[in-house]
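The block underneath contains the structure these notes are about, expressed in structure tokens.
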Amino acid sequence: MSTEVFDTLIRQALVIDGSGNKGIKQDVGILHNQILAIGNLEHCSAKEIIDGHGLVLAPGFIDVHTHDDLEVIRNPDMLAKVSQGVTTVVVGNCGISASPYQLDAPPPDPINLLGKKAEFQFAQLNDYIEQLSQNKPNVNVVALVGHTALRAQVMQDLSKPASTNEIKQMTSLLISALEQGAKGFSTGLAYKNAKAAPSEEVECLAKELKSFGAIYTTHLRTEFDGIVDALDEAFSLGKTVDSPVVISHLKCAGKQNWGRSKEVISFVENAQKSQPIACDCYPYHASSSTLDLNQVTDDFEIFITWSDKEPSMAGKTLAVIADTWQISLMEAAKRLMPAGAVYHGMNEKDVENFIQFPMSMIGSDGLPCDPHPHPRLWGSFSRVLSHFTRDRKLLSLEQAIHKMTGLTATNFELEQRGFIREGYFADLVLFDAKTIKDNATFSQPFECSTGIKYLWVSGQLTYKEKEGVMTNVHSRAGQFLKHR
Ligand code: ZN
Ligand code: CU
Numbered sequence: 001m002s003t004e005v006f007d008t009l010i011r012q013a014l015v016i017d018g019s020g021n022k023g024i025k026q027d028v029g030i031l032h033n034q035i036l037a038i039g040n041l042e043h044c045s046a047k048e049i050i051d052g053h054g055l056v057l058a059p060g061f062i063d064v065h066t067h068d069d070l071e072v073i074r075n076p077d078m079l080a081k082v083s084q085g086v087t088t089v090v091v092g093n094c095g096i097s098a099s100p101y102q103l104d105a106p107p108p109d110p111i112n113l114l115g116k117k118a119e120f121q122f123a124q125l126n127d128y129i130e131q132l133s134q135n136k137p138n139v140n141v142v143a144l145v146g147h148t149a150l151r152a153q154v155m156q157d158l159s160k161p162a163s164t165n166e167i168k169q170m171t172s173l174l175i176s177a178l179e180q181g182a183k184g185f186s187t188g189l190a191y192k193n194a195k196a197a198p199s200e201e202v203e204c205l206a207k208e209l210k211s212f213g214a215i216y217t218t219h220l221r222t223e224f225d226g227i228v229d230a231l232d233e234a235f236s237l238g239k240t241v242d243s244p245v246v247i248s249h250l251k252c253a254g255k256q257n258w259g260r261s262k263e264v265i266s267f268v269e270n271a272q273k274s275q276p277i278a279c280d281c282y283p284y285h286a287s288s289s290t291l292d293l294n295q296v297t298d299d300f301e302i303f304i305t306w307s308d309k310e311p312s313m314a315g316k317t318l319a320v321i322a323d324t325w326q327i328s329l330m331e332a333a334k335r336l337m338p339a340g341a342v343y344h345g346m347n348e349k350d351v352e353n354f355i356q357f358p359m360s361m362i363g364s365d366g367l368p369c370d371p372h373p374h375p376r377l378w379g380s381f382s383r384v385l386s387h388f389t390r391d392r393k394l395l396s397l398e399q400a401i402h403k404m405t406g407l408t409a410t411n412f413e414l415e416q417r418g419f420i421r422e423g424y425f426a427d428l429v430l431f432d433a434k435t436i437k438d439n440a441t442f443s444q445p446f447e448c449s450t451g452i453k454y455l456w457v458s459g460q461l462t463y464k465e466k467e468g469v470m471t472n473v474h475s476r477a478g479q480f481l482k483h484r
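Residues in the sequence shown are numbered consecutively from 1, following my numbering.
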């Protein structure tokens with residue numbers, strides 16, 4: 001006897017549920033947008049049956065650190081993300097967000113990483129949510145409100161601390177966004193347009209988080225020599241405002257800082273004993289952002305990804321450019337600005353330690369507008385599964401998946417996502433752990449990963465490796481995920 005119960009039935013895949021627990025070979029049945037049943041579903045039928053033998057079924061990956069704010073609107077297929085197994089992105093990191101933001105001026109650094117002036121038109125988070133519901137991206141979206149974005153809208157001079165009145169205006173923008181469903185508040189205190197903000201300014205804003213149960217995420221004031229003090233600033237702030245803290249892209253930046261990951265990790269672990277703290281990291285030992293004169297050095301390679309003034313120099317190293325122009329690295333950098341860069345400024349062992357740190361979530365920090373992006377945009381999740389998990393054996397498959405799914409969903413309170421459980425949304429990825437591989441490289445950054453066989457968002461088949469592209473047979477299923 002056989003009844004047609006499911007839309008989709010995935011048979012006999014190794015189901016790794018996102019909790020970190022060991023995978024179990026079983027069947028998973030999807031109906032509409034939900035995981036309806038898990039177990040032995042041998043006698044059930046479905047509109048579509050997929051043979052999962054030899055494959056892993058995991059919750060869709062959550063990219064906890066992105067700058068996809070405008071990309072999900074501009075390019076809703078989100079191939080860079082779905083092709084590596086991602087079904088949800090968190091936007092608004094590092095103090096920069098596309099909403100609430102509206103300004104009749106070119107976006108200041110580093111808000112310019114998100115897009116061009118005309119694309120910023122979301123004075124309220126609600127406007128952004130409305131646009132998303134029209135454009136319907138392939139991935140779900142979770143939003144943070146950026147501190148620098150707030151500053152840019154209410155302050156004349158970003159090189160100063162905000163005045164009492166400016167803080168008041170920023171607070172009201174932040175509160176509205178939290179009321180409309182933002183998950184939290186982010187800062188990017190290392191950037192020149194936020195640097196002048198003292199802890200007190202950030203604290204005044206962050207104290208609004210508590211009543212919403214929202215979180216504070218931060219690109220630290222420095223990731224270089226002063227990292228421990230910067231961590232301390234973030235943790236003290238979290239304690240004062242009584243809200244969870246997420247450290248963005250935890251790293252030891254700069255040659256002098258190499259080898260300090262163990263020290264940094266034990267500092268974080270120690271603080272975790274008395275307050276909720278999480279962190280994210282990406283699986284590469286090169287960073288990427290706008291070109292920053294303070295980071296110009298000959299200690300390591302700096303690769304120019306774009307330049308407004310000298311576009312033809314994109315794709316060359318700063319050293320080669322300086323050599324061509326017969327000037328110093330610093331002079332060359334000044335001539336390129338505004339520009340983007342990849343800094344090969346981390347130590348591989350440190351990166352491995354952060355990836356292995358049980359508390360770290362995986363986020364890409366990819367920059368979708370970059371004409372020559374860091375490969376993390378297309379390859380982060382498959383690289384963790386191939387390089388760090390299968391090849392280097394630094395994580396079990398279960399641990400790696402937990403860092404991309406259940407851990408993140410728990411820290412960000414994403415309801416009914418991030419785990420394979422009955423009744424949860426069917427955000428799922430079916431992949432081959434033996435062949436999965438990131439193909440994006442520093443020289444060829446726009447490459448889909450190998451091994452992501454099928455991907456569903458809220459039960460809708462969204463990506464199929466066989467066709468190499470989006471299935472496009474269904475309408476896109478991504479949703480804005482409101483906080484509580
Ligand atoms: Zn950042
Ligand atoms: Cu970032």
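Glycine residues also receive a C-beta, built at the ideal position from the N, C-alpha and C atoms. No experiment lies behind these values; they were computed from the predicted model shown.
- Collapsing the DSSP output to three states places Gln479 in coil.
- A straight line joining the alpha-carbon of Phe442 with that of Pro373 spans about 8 Å.
- With fewer than three CB-CB distances shorter than 8 Å, the stretch 396-415 does not count as touching the stretch 312-324.
- With a cut-off of 8 Å on Cβ pairs, the stretch 387-395 is not in contact with the stretch 129-141, counting fewer than three such pairs.
- Distances taken from the Cβ of His147 to the heavy atoms of ligand 1 include none shorter than 8 Å.
- Residue state for Pro244 is assigned as coil, using DSSP reduced to three classes.
- By the neighbour-count criterion, in which a residue is buried when 16 or more other Cβ atoms sit within 10 angstroms of its Cβ, Gly115 is buried.
- Taking the CA atoms as reference points, Leu394 sits about 6 Å from Gln356.
- When distances are taken from the beta-carbon of Asp350 to the heavy atoms of ligand 2, even the shortest one reaches 8 Å or more.
- When DSSP states are grouped into helix, strand and coil, Gln26 belongs to the strand group.
- Scanning the stretch 292-326 from its first residue to its last, the whole alpha helix (DSSP H) runs of 4-plus residues come out as 318-325.
- Relative to Ser307, the option among Leu329, Ala339 and Asp370 whose CA is nearest is Ala339.
- If you draw a straight line from the Cα of Thr435 to the Cα of Val15, it is about 17 Å long.
- Here the distance from the Cβ of Asp365 to the nearest heavy atom of ligand 1 is below 8 Å.
- Beta-bridge annotation (DSSP): Cys204 is not paired with any residue.
- The three-state secondary structure of Val139, taken from DSSP, is coil.
- Straight-line measurement puts the Cα of Lys262 at about 32 Å from the Cα of Ile111.
- The closest heavy atom of ligand 2 lies 8 Å or more from the beta carbon of His374.
- If you draw a 10 Å sphere on the C-beta of Ser328, you find fewer than 16 other C-beta atoms in it, and that means exposed.
- Cβ atoms of Ser248 and Asp280 come within 8 Å of each other, at about 6 Å.
- When Leu237, Ala409 and Gly92 are compared, the shortest CA-CA separation from Glu200 is found for Leu237.
- Looking at the DSSP output, Asp51 sits in a beta bridge with Arg11.
- In this structure, Asn93 has its beta carbon less than 8 Å from a heavy atom of ligand 1.
- With a threshold of 8 Å, the Cβ atom of Ser248 counts as near ligand 2, since some heavy atom of the ligand is closer than that.
- Rounded to whole angstroms, the Cβ separation of Leu144 and Val90 is 7 Å, and the two are in contact under 8 Å.
- When only Cα atoms are considered, Val141 and Pro198 end up about 30 Å apart.
- Proximity of the beta carbon of His387 to ligand 2 is not indicated: no heavy atom of the ligand is located closer than 8 Å.
- Counting only the Cα atoms, Pro108 lies some 8 Å from Asn193.
- For the pair Ile304 and Ser287, the Cα-to-Cα distance works out to about 12 Å.
- In its chain, beyond the 5 residues on either side, Lys251 and His285 have a beta carbon closer than 6 Å to the beta carbon of Met346.
- In the structure shown, Trp378 falls within a helical segment according to DSSP collapsed to helix, strand and coil.
- Counting only residues of its own chain and dropping the five nearest sequence neighbours on each side, Phe425 has a CB closer than 7 Å to the CB of Asn33, Gln34, Gln416, Arg417 and Ser458.
- In the structure shown, the three-state DSSP call for Gln134 is helix.
- Of all alpha-carbon atoms in Phe212, Asp350, Gly213 and Leu291, the one lying nearest the alpha-carbon of Ala332 is that of Leu291.
- Cβ-Cβ distances below 6 Å link Glu166 to Val154 and Met155 in the same chain, with the five nearest sequence neighbours on each side left out; the list follows chain order.
- Around the beta carbon of Gly54, fewer than 16 other beta carbons sit within 10 angstroms, so the residue counts as exposed.
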